[in-house]
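Participant: Before I ask anything, let me first share the structure, which is written out below as structure tokens.
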Amino acid sequence: METTYETDVDIYEDPPLKVRLRKMVATSWKTLKSNPNLMIGSIILTVMVGIAILTLLPTASTVARYDPTELAVSERINGPSADHWFGTDKLGRDVYSRTLHGSKTSLYVGIGVAIIVTIVGVTLGVIVGYNRVADNIVMRVMDGMMSFPTLILALALVAALGSSLTNVIIIIAIVDTPAMTRVVRAVVLSLRERTYVDAARASGASTKRILFLHIAPNTLAPVIIQASIFFGGAILTEAALGFLGVGTPEFIPSWGNIISSGREFIRVGFWIAFFPGAFLALTVFAANIVGDGLRDVLDPRLRGEK
Amino acid sequence: MTAYIFKRVLAVIPILIFVGIATFSLVHIAPGDAANIMAGDYAGPDDVKLIRAELGLDKPVTTQFWEWAGRTLRGDFGKSIYSGRTVAELVSQRLEPTIALTIVGGTVAVLLGIPMGVFAAWKAGSRWDRGIQIFAALGISIPGFWLGFIFILAFAVYLRWFPVIGYVSITEDVFGWIKSITLPVALLAISGSSVIIRMTRGSILEVLREDYIRTARAKGLANKPVLFRHALRAGAIPIITVIGTLAGALITGVVVTETVFTIPGLGRLVAETVQNRDFPVVQSMLMLLASFYVFINLMVDLAYVFFDPRVRL
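Here it is, written out as structure tokens:
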């Protein structure tokens with residue numbers, strides 16, 4: 001039973017995944033060179049990921065120069081200098097070091113949310129796109145969740161669950177899941193009418209096999225675009241929660257909570273909030289233009305049009 | 001048409017029921033005991049018991065739900081654990097700045113965003129289009145709280161054009177009111193118009209690709225009538241959707257903006273009560289803002305009926 005449809009690969013409209021992937025990488029590289037958005041965005045993100053990795057490894061003390069939690073009360077709120085490139089905060093901690101270490105938190109949140117939302121959103125989207133009963137139940141819940149403005153829902157969940165780093169990731173993922181599910185569902189609804197799905201069914205493939213082997217891989221392009229948008233959005237939301245004083249707890253440096261701690265020193269120490277904010281803005285901007293660039297590359301309807 | 005409106009209005013009911021259940025559940029998904037959390041670290045067991053009785057958490061869950069739903073439907077939103085004042089009192093006190101910010105900010109965002117979006121689509125690929133797109137990309141990427149910080153630093157601390165923090169009521173001093181909302185409104189308008197620009201540009205571009213636009217051009221029509229009589233009329237429909245999105249962006253923006261400029265509005269109230277884990281107020285605000293958001297989106301859908309003859313059928 002399991003083997004009857006293994007051999008009839010050549011009836012599919014599309015070439016095997018491996019060939020398509022190789023082709024996609026080749027076109028992507030070509031587009032990367034012709035698409036300044038994607039190029040600039042990828043470079044900035046690579047640098048940020050590089051910084052985050054360097055502060056994770058034993059190289060942290062060389063790159064960041066100071067311990068982000070090291071107190072030096074005699075040096076509090078000193079402006080940028082040769083010793084402290086981004087100045088020091090109210091407890092004399094080095095802002096440059098805290099900013100660099102903060103990149104870990106932001107990228108951790110961005111990547112965590114993107115992965116969770118992708119897994120949950122694709123699974124749910126594929127199932128509801130194919131099953132009317134599940135569709136009615138799941139999509140009503142998703143509609144309900146989308147009737148909350150996103151930051152308000154995130155804030156309410158923080159009030160209920162508390163704000164550890166893990167909770168912040170889970171909360172942002174919960175808030176973003178309905179949008180991903182909707183996107184995947186829409187793609188699945190149009191894919192299921194395609195001839196290759198009929199062909200697979202005619203050759204005896206089970207629904208599960210059709211769903212996860214034939215339909216799910218073809219949702220890849222819109223999912224990647226969405227995931228890159230959620231990556232940037234999650235970093236922004238984490239920072240906003242931190243700024244509002246309810247995000248990642250203060251003992252873990254994050255761009256949001258550093259900016260929050262610098263708010264009251266705007267007259268005497270603008271550098272405390274300025275530098276982490278610049279890093280945050282740059283990272284979110286990079287993620288967004290990568291999203292735009294990916295849409296140009298991966299969305300066939302727009303390909304070739306400028 | 002009546003059937004469509006009726007159906008669309010009815011569809012709001014299950015959504016509001018979901019919103020209600022989700023809001024009610026908030027206290028119950030809190031790990032441990034909500035009463036414990038609210039009492040704080042220094043509370044004795046008696047304080048916790050008092051809060052629990054106050055919130056009715058000592059009764060069975062179903063009883064709690066029906067009591068809560070009944071009170072909410074009658075417009076009784078309970079009172080703050082923290083300050084002891086009723087939610088209605090807190091909200092009415094904080095309403096003015098938020099309404100002022102959202103109305104003025106939203107209007108400026110629409111007046112800036114739609115023309116810029118249409119222009120960018122019309123001049124697609126040009127320098128102007130590039131510039132507008134970069135503005136919009138920066139507008140959604142730059143965190144409002146950081147941009148607000150820079151605004152305060154530049155225009156209030158150094159140039160001293162505007163007050164650093166606070167809000168002056170319009171009934172007190174009109175000139176002072178204008179001064180106190182200029183920077184917050186600028187902040188809301190930048191992020192709001194960026195969202196609008198992207199959506200408007202996209203929908204007008206799509207319209208410009210249609211066959212009837214090509215026909216209009218082929219028959220020798222000049223640029224202006226093609227844009228204003230053909231493209232804008234069809235493009236207006238998806239642009240209405242922008243208003244729904246804008247409402248969401250403004251609600252989020254107001255929370256952040258009011259915190260940056262220390263304006264005592266509803267957004268600040270939300271942030272403060274989440275910090276204090278003041279559940280009755282958090283729940284009421286969640287319920288109120290979600291209902292408002294649902295209502296705006298319902299209005300947007302109904303507006304379709306008047307703009308798009310296809311829906312009317």
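Residue numbers (the numbering used here), protein chains in the order written: chain A, 1 to 306; chain B, 1 to 313.
Glycine is no exception: its CB is placed at the ideal position from the N, C-alpha and C atoms.
In this text the structure is predicted, and so the values were computed from the model without any measurement.
State the DSSP-derived secondary structure class of B/Lys224, mapped to helix, strand or coil.
Facilitator: Residue mapping note: residue 224 of chain B aligns to position 224 of the second sequence, counting from 1. Helix.
Participant: Scan the stretch 219-253 of chain A for residues whose Cβ lies nearer than 8 Å to a Cβ of chain B and list them as they occur along the chain.
Facilitator: Under the 8 Å Cβ criterion, the stretch 219-253 of chain A contributes Gly232, Leu236, Ala239, Ala240, Phe243, Leu244, Gly245, Val246.
Participant: Let me confirm a value: B/Glu89 is counted as buried when at least 16 other C-beta atoms fall within 10 Å, else exposed. Which label applies?
Facilitator: The residue given as residue 89 of chain B occupies position 89 in the second sequence. Answer is exposed; the Cβ neighbour count stays below 16.
Participant: Given A/Val122, which residues of its chain have a CB within under 8 Å of its CB, disregarding the five upstream and five downstream residues?
Facilitator: Here residue 122 of chain A is taken as the residue at index 122 of the first sequence, counted from 1. Met180, Val184, Ala216, Thr219, Val223, listed in sequence order.
Participant: Strictly below 8 Å CB to CB, what residues from chain B border A/Thr150?
Facilitator: By 1-based counting over the first sequence, the position of residue 150 of chain A is 150. Within chain B, the residues near A/Thr150 are Gly248, Thr252.
Participant: Could you tell me whether the Cβ atoms of B/Ile114 and B/Ile81 are closer together than 8 Å?
Facilitator: As a working mapping, residue 114 of chain B is identified with position 114 in the second sequence. As a working mapping, residue 81 of chain B is identified with position 81 in the second sequence. Cβ distance not < 8 Å, so B/Ile114 and B/Ile81 don't count as in contact.
Participant: Counting only beta-carbon separations shorter than 8 Å, does B/Phe279 have a partner in chain A?
Facilitator: The residue labelled residue 279 of chain B in the question sits at position 279 within the second sequence. By this cut-off, B/Phe279 is an interface position.
Participant: So which residues of chain A does B/Pro143 contact, with C-beta pairs closer than 9 Å?
Facilitator: Position 143 of the second sequence, counted from the start, is the residue given in the question as residue 143 of chain B. What B/Pro143 touches in chain A: Leu236, Ala239, Ala240, Phe243, Trp255, Gly256, Ile259, Gly277, Leu280, Ala281, Val284.
Participant: So, under 8 Å CB-CB, B/Val255 and B/Gly267 are touching, yes? Tell me the CB distance rounded to an integer number of Å.
Facilitator: As a position in the second sequence, residue 255 of chain B is number 255, starting the count at 1. As a position in the second sequence, residue 267 of chain B is number 267, starting the count at 1. With a Cβ gap of about 4 Å, B/Val255 and B/Gly267 count as contacting.
Participant: Which residues bound the alpha helix (DSSP H) around B/Pro115?
Facilitator: Here the question's residue 115 of chain B lines up with position 115 in the second sequence. Segment 87-122, the alpha helix (DSSP H) holding B/Pro115.
Participant: Verify the CB distance criterion: does A/Arg20 have a CB-CB separation below 8 Å to chain B?
Facilitator: The count along the first sequence starts at 1 and reaches residue 20 of chain A at position 20. So, not an interface residue.
Participant: Could you tell me which uninterrupted alpha helix (DSSP H) segments, each at least 4 residues in length, are contained entirely in the stretch 152-222 of chain B, listed from first to last along the chain?
Facilitator: Here the runs fully enclosed are 174-208, 211-218.
Participant: Which one or two residues does DSSP pair with B/Thr63 in a beta bridge?
Facilitator: Locating residue 63 of chain B in the second sequence gives position 63, where the first residue counts as 1. Answer is none; B/Thr63 lacks a bridge partner.
Participant: Compute the Euclidean distance between the alpha carbons of A/Met1 and A/Phe212, then round it to the nearest angstrom.
Facilitator: Within the first sequence, numbered from 1, the residue matching residue 1 of chain A stands at position 1. Within the first sequence, numbered from 1, the residue matching residue 212 of chain A stands at position 212. Residue placement at A/Met1 cannot be trusted, given a pLDDT of 45 that sits under 50; what the coordinates show is reported in the next sentence. Roughly 18 Å between the two C-alpha positions.
Participant: Alpha carbon to alpha carbon, what distance is there between B/Gly166 and B/Ile132?
Facilitator: Within the second sequence, numbered from 1, the residue matching residue 132 of chain B stands at position 132. Within the second sequence, numbered from 1, the residue matching residue 166 of chain B stands at position 166. B/Ile132 and B/Gly166: Cα-Cα distance of roughly 32 Å.
Participant: 8 Å is my cut-off, CB to CB: does B/Tyr293 come that close to chain A?
Facilitator: Numbered from 1 along the second sequence, position 293 holds the residue referred to as residue 293 of chain B. At least one chain A Cβ lies under 8 Å of B/Tyr293.
Participant: Could you please give the first and the last residue of the uninterrupted alpha helix (DSSP H) stretch that includes A/Met146?
Facilitator: To locate residue 146 of chain A, count along the first sequence from 1; it is residue 146. Per DSSP, A/Met146 belongs to the alpha helix (DSSP H) from 132-146.
Participant: Between the Cα of A/Gly162 and the Cα atoms of B/Ile21, B/Leu26, B/Met1, which residue gives the shortest distance?
Facilitator: Position 162 of the first sequence holds residue 162 of chain A. Considering only alpha carbons, the answer is B/Leu26.
Participant: So for B/Asp129, helix, strand or coil by DSSP?
Facilitator: On the second sequence, position 129 is the one that residue 129 of chain B refers to. Three-state result, B/Asp129: helix.
Participant: Please determine, among B/Leu221, B/Ala247, B/Phe65, B/Ile196, the residue with the shortest C-alpha to C-alpha distance to A/Pro149.
Facilitator: Here residue 149 of chain A corresponds to residue number 149 of the first sequence, with the count starting at 1. Among B/Leu221, B/Ala247, B/Phe65, B/Ile196, the Cα nearest to that of A/Pro149 belongs to B/Ala247.
Participant: Using 8 Å as the Cβ pair cut-off and three pairs as the minimum, do the stretch 251-265 of chain B and the stretch 188-205 of chain B touch?
Facilitator: Touching, yes.
Participant: Is the Cβ of A/Asp143 closer than 8 Å to any Cβ of chain B?
Facilitator: In the first sequence, counting from the first residue as 1, residue 143 of chain A sits at position 143. Output row for A/Asp143: interface = yes.
Participant: Check the Cβ-Cβ distances between A/Leu71 and every residue of chain B, and say whether any is below 8 Å.
Facilitator: Position 71 of the first sequence, counting from 1, holds the residue named residue 71 of chain A. No, A/Leu71 does not count as interfacial toward chain B.
Participant: How should B/Pro143 be labelled, buried or exposed, when 16 other C-beta atoms within 10 angstroms of its C-beta is the threshold for buried?
Facilitator: The residue labelled residue 143 of chain B in the question sits at position 143 within the second sequence. Buried is the call here.
Participant: Could you check the C-alpha separation between A/Val188 and A/Lys208 for me, to the nearest Å?
Facilitator: Position 188 of the first sequence holds residue 188 of chain A. Position 208 of the first sequence holds residue 208 of chain A. Rounded to the nearest angstrom, the two C-alpha atoms are 14 Å apart.
Participant: Please look up how many angstroms separate the CB atoms of B/Val19 and B/Met287, rounded, as I've assumed it's under 8 Å.
Facilitator: As a working note, residue 19 of chain B is residue 19 in the second sequence. As a working note, residue 287 of chain B is residue 287 in the second sequence. Indeed they touch by this definition, with Cβ atoms about 7 Å apart.
Participant: Pick from A/Val133, A/Arg263, A/Gly102, A/Ile272: whose alpha carbon is nearest that of A/Ala64?
Facilitator: The residue given as residue 64 of chain A occupies position 64 in the first sequence. It is A/Gly102.
Participant: If you run the structure through DSSP and keep just helix, strand and coil, what is A/Thr59?
Facilitator: Position 59 of the first sequence, counted from the first residue, corresponds to residue 59 of chain A. Three-state DSSP puts A/Thr59 in coil, outside helix and strand.
Participant: Closest Cβ-Cβ distance between B/Arg8 and chain A: below 8 Å?
Facilitator: In the second sequence, residue 8 of chain B corresponds to position 8, counting from 1. For B/Arg8, the answer is no, since every Cβ of chain A falls outside 8 Å of its Cβ.
Participant: Does the stretch 139-153 of chain B come close enough to the stretch 255-273 of chain A to have 3 or more Cβ pairs within less than 8 Å?
Facilitator: Flag = yes, the stretch 139-153 of chain B and the stretch 255-273 of chain A touch.
Participant: Please list, in chain order, the chain B residues whose beta carbon lies closer than 7 Å to that of A/Leu107.
Facilitator: Mapped onto the first sequence, residue 107 of chain A falls at position 107. The contacting residues do not exist; A/Leu107 stays about 16 Å from chain B at best.
Participant: Would you mind sorting A/Ser106 into buried or exposed? The rule is 16 or more other CB atoms within 10 Å of its CB.
Facilitator: Within the first sequence, numbered from 1, the residue matching residue 106 of chain A stands at position 106. By the 10 Å Cβ count, A/Ser106 comes out buried.
Participant: Strictly below 9 Å CB to CB, what residues from chain B border A/Ala114?
Facilitator: Here residue 114 of chain A refers to the residue found at position 114 of the first sequence. In chain order: nothing, as chain B lies at least about 16 Å away.
Participant: With distances taken from CA atoms, which of B/Ala234, B/Pro280, B/Ile150, B/Ile17 is nearest B/Asp211?
Facilitator: Counted from its first residue, the second sequence places residue 211 of chain B at position 211. Comparing Cα-Cα distances from B/Asp211 to each of B/Ala234, B/Pro280, B/Ile150, B/Ile17, the minimum goes to B/Ala234.
Participant: Give a yes or no on whether the minimum CB-CB distance between A/Arg303 and chain B is below 8 Å.
Facilitator: As a working note, residue 303 of chain A is residue 303 in the first sequence. With a pLDDT of 44 at A/Arg303, under the threshold of 50, the predicted position of this residue should be treated as unreliable, though the coordinate-derived value follows. No, because no Cβ of chain B sits closer than 8 Å to the Cβ of A/Arg303.
Participant: Applying a beta-carbon distance threshold of less than 8 Å, which residues of chain A neighbour B/Ile263?
Facilitator: As a working mapping, residue 263 of chain B is identified with position 263 in the second sequence. Under the 8 Å cutoff, chain A gives no residues; its nearest Cβ is about 14 Å from B/Ile263.
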